[in-house]
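Student:
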């Protein structure tokens with residue numbers, strides 16, 4: 001059984017991709033944590049748009065660099081920059097360290113003068129859950145909401161109570177339920193998995209901005225996405241749910257997949273449309 005460090009190395013080796021030649025990356029800090037800032041070198045992309053990206057990895061593995069090609073794909077649709085956060089990971093730093101870091105990053109962006117109408121948020125898997133929790137906590141703290149958020153395969157029910165945990169067991173090519181339980185147990189460290197800030201599928205989502213949720217039909221986490229969309233809709237949040245047939249967890253990571261490219265294109269257009277709408281309204 002690999003240890004935590006080996007799991008992180010394996011995850012990085014499996015999913016890290018080179019950045020496009022026209023995307024520059026630089027190390028920075030945000031909310032007291034390391035972060036990766038991305039900018040495109042294309043003409044006309046030096047505007048005020050900001051994307052805050054939160055990486056996945058079950059709250060235990062992953063980094064800003066591993067998913068940087070997803071961040072870069074979304075950035076192509078923006079006029080500005082993206083910042084991907086290296087929040088603290090479990091088990092060294094259990095819940096609520098990661099959501100604390102994400103809220104601190106969000107708050108620093110606003111405090112630095114970023115216009116919330118020019119700010120969008122995205123994340124995959126655990127990072128998608130953290131994106132939802134960050135917006136909930138920002139709302140509760142009286143902070144303005146971003147213009148929109150994109151959520152890839154959100155892991156928003158740490159109790160593993162979704163029906164797809166059973167119906168997709170053996171169909172999901174990456175996970176068995178025990179794999180997810182192992183990750184979530186490291187993160188929760190004995191805490192309540194049903195707490196809204198751990199599992200936002202059980203939260204009040206009132207006041208959140210427009211959401212785009214993408215999920216593959218082959219995922220154990222399929223029902224996390226479906227129920228999150230239902231919860232958002234019941235709470236009067238504008239939400240778009242895309243279930244892509246026969247695709248696995250965070251299928252957008254596959255840079256050779258036509259389905260991934262098409263999904264990232266739709267996600268980027270979704271963010272751009274909301275930013276354009278805010279621009280026209282302001």
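In UniProt numbering, the protein residues as written are 1 to 282. Here a beta-carbon is modelled for each residue, glycine too, at the ideal position from N, C-alpha and C.
#1: Go through its chain and collect everything with a Cβ distance to residue 272's Cβ below 6 Å, but skip five positions before and after it.
#2: I think residue 36 touches residue 8, with their Cβ atoms under 8 Å apart; what is that distance to the nearest whole Å?
#3: Taking the alpha-carbon positions, what's the residue 155 to residue 242 distance?
#4: Reducing DSSP to helix, strand and coil, say where residue 99 ends up.
#5: Below 8 Å CB to CB, which residues in the same chain sit around residue 269 once its five sequence neighbours on both sides are set aside?
#6: Grab the span of the alpha helix (DSSP H) containing residue 126 for me, first residue to last.
#7: Suppose you measure from the CA of residue 233 to the CA of residue 239; what does that come to, to the nearest Å?
#8: Name, in chain order, the residues that DSSP records as bridge partners for residue 53.
#9: Can you check which of these residues, 201, 253, 172, is closest to residue 217 by C-alpha distance?
#10: Can you tell me whether residue 112 is buried or exposed? The criterion is at least 16 other CB atoms within 10 Å of its CB, across all chains shown.
#11: Cα-Cα, which of 145, 276, 117, 72 is closest to residue 252?
#12: Closer than 6 Å by C-beta to residue 245: which residues in its own chain qualify, once you throw out the five before and the five after it? Chain order, please.
#13: Please say whether residue 52 and residue 83 have beta carbons closer to each other than 7 Å?
#14: Taking only the alpha-carbon atoms, compute the straight-line gap between residue 210 and residue 262 and give it to the nearest angstrom.
#15: What are the boundary residues of the alpha helix (DSSP H) that residue 177 is part of?
#16: Are the segment 163-179 and the segment 87-98 touching by the rule of at least three beta carbon pairs closer than 8 Å?
#17: Once the 5 residues before and after residue 31 are set aside, which same chain residues still bring their CB inside 8 Å of it?
#18: Can you tell me whether residue 117 is buried or exposed, with buried defined as 16 or more other CB within 10 angstroms of its CB?
#19: What residue from 5, 47, 110, 21 has the CA that sits closest to residue 61's CA?
#20: Give me, in chain order, the residues of the same chain whose beta-carbon lies closer than 7 Å to that of residue 160; leave out the 5 immediate sequence neighbours on both sides.
#21: How long is the line joining the alpha carbons of residue 142 and residue 130, rounded to whole angstroms?
#22: State the Cα-Cα distance for the pair residue 225 and residue 153, rounded to the nearest angstrom.
#23: Determine the burial state of residue 303: buried for a count of at least 16 other Cβ atoms within 10 Å of its Cβ, exposed for fewer.
#24: Looking at the strands, I want to know which residues DSSP matches up with residue 40.
#25: Taking buried to mean at least 16 other C-beta atoms within 10 Å of its own C-beta, is residue 80 buried or exposed?
#26: Using the rule of at least 16 other Cβ atoms within 10 Å of the residue's Cβ for burial, across every protein chain shown, is residue 1 buried or exposed?
#27: Bridge partners of residue 152, per DSSP?
Tutor: Straight from the coordinates:
#1: 77
#2: Actually they do not touch by this definition, with Cβ atoms about 16 Å apart.
#3: 15 Å
#4: helix
#5: 77
#6: 126-140
#7: 6 Å
#8: 84, 122
#9: 172
#10: exposed
#11: 72
#12: 217
#13: yes
#14: 20 Å
#15: 177-188
#16: no
#17: 85, 101, 102, 103, 104, 105, 106, 107, 108
#18: buried
#19: 5
#20: 177, 180, 181
#21: 18 Å
#22: 6 Å
#23: Nothing can be reported for residue 303: it is not among the residues displayed for the chain, which extend from 1 to 282.
#24: 23
#25: buried
#26: exposed
#27: 124, 214
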